[in-house]
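What the sequence shown shows, in this note's numbering, is residues 14 to 131, in sequence order.
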Amino acid sequence: MGHPKSVLVMPITSAKAEVERALREKRSVRDTYVKLDCDQLDFLKNDSYVSTEQIISINREWLHEDPIGHLPNDVLLQIDFQLIRTMGLQKAVQTIIEERIAQITFPSMLETAANQEE
């Protein structure tokens, strides 16, 4: 089985207008943006932002075979957490984590409960 024909992407923007507005209003940049520091990412000319509210599906063939750069794992994790917030998935993620912790911590209790339901 090959790769799907489409892939979900998020735009990277300098967000100049949003940054200027935030500075004027003395507030932080939009919650849905994850900052990318150009000093830490060689492929960026300016500080930029990943816009987690603008997820789009594109044809995989539109992507370059050789990426212009890679985001470090800590930035990818920030994007993941912001996506969870942007999409309102906090409760679902919390439930999944709690269930997994219960499976790891109390496996025999869960088996007993499952057997009693049968």
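No residue lacks a Cβ here, since even glycine has one placed at the ideal position from N, Cα and C.
Straight-line gap, residue i to residue j (C-alpha atoms, nearest Å)
| i | j | result |
| --- | --- | --- |
| ASN59 | VAL20 | 26 Å |
| ASN72 | MET23 | 13 Å |
| LEU4 | PHE119 | There is simply no residue 4 to check, as the chain begins at 14 and stops at 131 in what is shown. |
| ARG204 | VAL106 | Because the chain spans 14 through 131 in this model, residue 204 falls outside it and cannot be assessed. |
| ALA30 | GLU111 | 41 Å |
| HIS34 | ALA28 | Here residue 34 turns out to be Arg, not His, going by the sequence shown. When rounded, the distance between both Cα atoms is 10 Å. |
| THR108 | ASP87 | 24 Å |
| LEU36 | HIS16 | 43 Å |
| ARG43 | GLN116 | 37 Å |
| LEU90 | ILE97 | 11 Å |
Bridge-paired residues (DSSP) for residue i
| i | result |
| --- | --- |
| SER19 | ASN72 |
| SER64 | TYR46 |
| THR26 | TYR62 |
Check whether residue i and residue j have beta carbons under 8 Å apart
| i | j | result |
| --- | --- | --- |
| ILE92 | PHE56 | no |
Cβ shell of residue i (< 6 Å), same chain only, five flanking positions each side left out
| i | result |
| --- | --- |
| LYS48 | TYR62 |
| THR99 | THR45, THR65, GLU66 |
| GLN95 | VAL47, THR65 |
Same chain only: Cβ atoms within 7 Å of residue i, ignoring 5 sequence neighbours per side
| i | result |
| --- | --- |
| LYS18 | ASN72, ARG73 |
| ASP50 | ASP60 |
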